[in-house]
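Using our numbering, the first residue of the sequence shown is number 70, and each one after it goes up by one.
See below for the structure under consideration.
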Amino acid sequence: MLQVFLFFFLIFLIFRDAFYSFSAKDLAAESFLVVGVDSGGNSSDAVGGRTDYISIVYFRTSGGLLLKSIPRDTVVTYRSEKRKINSLYNSFGIEALIEEVEKLTGRTITGSVVVDFNTVTEITTFTGPIRVEVTTPMHHDDFQQGLHIHFEPGIYFLEGEDLLKFLRYRSSDSGDLGRIDRQKRVLEQLIRNLVSAGPSKMIEMIDFVLEKTDISIDKKTLTDFAVAFFTGKRSVSFTQIDYYIDDEGQIVPTGPGSDEPEEVEIESRSPKILVINNIPDYEERFGDFAETIKSQWLAQAGVKVDATGFVPNISGIEKRDTYLFINSKDSEIRELFSKAHVYHRPFVMLTSSFGGLDYYYALIDSLSKNRFYPAKYDAYVLLGVGGR
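Okay, structure coming up:
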């Protein structure tokens with residue numbers, strides 16, 4: 070997931086260095102190496118600086134940004150010795166890692182970003198909790214590193230140390246490859262939050278990241294990169310090198326991987342909606358609120374929503390009434406709501422126009438105090454009974 074730090078630099082430079090004159094530089098020739106290193110945990114004899122994440126970032130010829138991952142357990146031959154690629158940075162330095170990445174991907178690396186994984190524990194101070202879905206039990210204990218990961222299946226809103234544990238987990242059938250997929254899903258959400266974040270918060274976050282990150286890319290190149298992304302397709306693609314897994318379970322590289330994977334369109338996604346129970350006796354009478362509502366929205370409106378059966382207590386909000394707080398995508402949210410709840414007549418508050426902000430922040434505060442940390446949503450539905 071550490072590629073997201075590159076975006077932090079890019080947006081920072083848009084606000085700080087927009088006055089620069091931009092040359093017609095061939096950005097297709099730029100390829101940045103992004104490395105996440107694990108400082109080794111709490112054990113006094115743990116090895117520090119182990120490479121836990123490797124990827125390269127560059128523009129595709131057809132437009133849009135490409136993030137290509139290299140599994141940390143990929144077997145390479147360095148100085149006539151076979152070894153896993155994640156050992157190179159700690160043993161021989163960044164130049165050795167760059168040399169092997171260039172061989173694997175066929176691209177010349179023009180700059181690098183190195184981030185310690187401990188930085189991730191603080192980055193959600195700026196982005197807010199990240200929604201993740203655990204589909205199978207995740208349990209792992211590493212007493213040497215002081216790492217203890219325990220998640221049962223369900224929806225979680227993670228930040229800090231908990232998010233780091235989710236990203237580092239690899240004790241499953243999919244191992245390192247499963248971890249790359251989790252990092253990809255978290256990164257997609259972080260990028261969406263990043264694109265929609267305000268400039269003042271962004272600058273605070275960038276100042277923090279600049280202090281914590283080792284970067285070898287000059288500001289002019291990053292500025293050109295940022296402008297190209299935000300004035301271009303504003304799309305991000307995720308892929309990885311080609312490989313096969315041999316009889317010993319080793320990841321053996323076979324090629325640089327595709328440059329034309331499926332894209333993630335940052336601004337064309339379905340609205341993100343959280344539905345909250347406002348009927349105190351709902352679950353006593355009808356059962357699980359969250360599962361019922363999620364099924365209803367999927368069947369009637371054709372979208373997936375998040376939902377919680379927790380009933381908040383907010384001064385001025387009447388129980389059993391329906392309230393619709395809209396942050397963005399006003400017309401689309403209204404249309405989807407009308408499909409999902411035909412007989413409801415909600416009180417609509419456009420928070421993007423400063424409507425109902427007291428109630429809105431009271432709702433967010435109430436959810437957070439009850440250990441439910443809402444991520445950034447386009448709309449919050451406080452659902453009561455139909456009609457009014």
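Where a beta carbon is used, it is the ideal one built from N, C-alpha and C, also for glycine.
If you're wondering where the values come from, they're calculated on a predicted model, not measured in any experiment.
- Taking all protein chains shown into account, Val-104 has 16 or more neighbouring C-beta atoms within 10 Å of its C-beta and is therefore buried.
- Taking each of Arg-354, Thr-323, Phe-406 in turn and checking the Cα distance to Lys-341, the smallest one comes out for Phe-406.
- Cβ-Cβ distances below 7 Å link Asn-439 to Phe-379 in the same chain, with the five nearest sequence neighbours on each side left out; the list follows chain order.
- The three-state reading of DSSP puts Arg-152 in strand, counting E and B together.
- Per DSSP, reduced to three states, the secondary structure at Lys-388 is coil, with no helix or strand assignment.
- Contact check for Thr-391 against Phe-416 passes: the beta carbons are separated by less than 9 Å.
- Between Leu-343 and Tyr-446, the CB-CB gap stays under 9 Å.
- Inclusion of Thr-282 and Val-184 in the CB contact set at 9 Å is warranted, their separation being smaller than that value.
- The criterion of a C-beta distance shorter than 9 Å is satisfied by Val-203 and Ile-224.
- By the CB criterion at 9 Å, Asn-382 and Leu-452 fall outside the cutoff.
- Contact between Gln-319 and Val-144 holds: CB atoms are separated by about 5 Å, below the 8 Å threshold.
- Considering only Pro-349, Gln-252, Ile-178, the residue with the shortest C-alpha distance to Leu-232 is Gln-252.
- Separation of the CB atoms of Val-372 and Ser-339 is rounded to 5 Å, and the pair is thereby assigned contact status at 8 Å.
- Counting along the chain, Val-454 sits inside no alpha helix (DSSP H), nor does DSSP assign it H or E at all.
- For Arg-141, no beta strand (DSSP E) segment is defined, and its DSSP state is neither H nor E.
- DSSP links Glu-353 through a beta bridge to no other residue.
- In the DSSP annotation of this structure, the continuous segment of the alpha helix (DSSP H) that includes Tyr-158 starts and ends at 157 to 161.
- Non-local C-beta neighbours of Pro-206 in its own chain, meaning closer than 8 Å and more than five positions away in sequence, comprise Phe-220, Glu-221, Pro-222, ordered along the chain.
- The beta carbon of Val-201 sits closer than 7 Å to those of Tyr-225, Leu-227, Phe-235, Val-255, all from its chain and outside the five residues before and after it, given in chain order.
- Glu-329 is the residue among Leu-216, Ser-160, Gly-197, Glu-329 whose C-alpha sits nearest the C-alpha of Ser-131.
- Nearest in C-alpha terms to Gly-175, of all of Thr-361, Glu-99, Gly-162, Arg-414, is Glu-99.
- Contact annotation: Leu-157 and Leu-102 have beta-carbon atoms that are not nearer than 9 Å.
- Looking at Tyr-312, Tyr-429, Leu-136, Ile-154, the one whose alpha-carbon comes closest to that of Asp-142 is Ile-154.
- Taking C-beta atoms as the reference points, Gly-324 and Ile-310 count as a pair closer than 9 Å.
- Within the stretch 206 to 239, the beta strand (DSSP E) runs of at least 3 residues that lie entirely inside it are, in chain order, 207 to 211, 216 to 220, 223 to 227.
- A straight line joining the alpha-carbon of Ile-125 with that of Pro-140 spans about 12 Å.
- Using a Cβ distance threshold of 9 Å, Thr-308 and Ser-138 count as a contacting pair.
- Rounded to whole angstroms, the Cβ separation of Thr-377 and Ile-402 is 18 Å, and the two are not in contact under 8 Å.
- For Thr-282, the secondary structure class from DSSP, reduced to helix, strand or coil, is strand.
- For the options Asp-350, Ala-409, Arg-354, Phe-394, the alpha carbon positioned closest to that of Lys-388 is the one of Asp-350.
- Across the structure, Lys-408 and Thr-420 are spaced so that their CA atoms are roughly 22 Å apart.
- The beta-carbon distance between Ile-123 and Val-170, rounded to whole angstroms, is 7 Å. This is short enough to meet the 8 Å contact definition.
- Taken through DSSP and simplified to helix, strand or coil, Gln-369 comes out as helix.
- Between Glu-230 and Leu-432, the alpha-carbon positions lie close to 25 Å from each other.
- A residue is called buried once 16 or more other Cβ atoms fall within 10 Å of its Cβ, and Thr-188 is buried on that count.
- Distance from the CA atom of Thr-194 to the CA atom of Glu-150, rounded to whole angstroms, is 42 Å.
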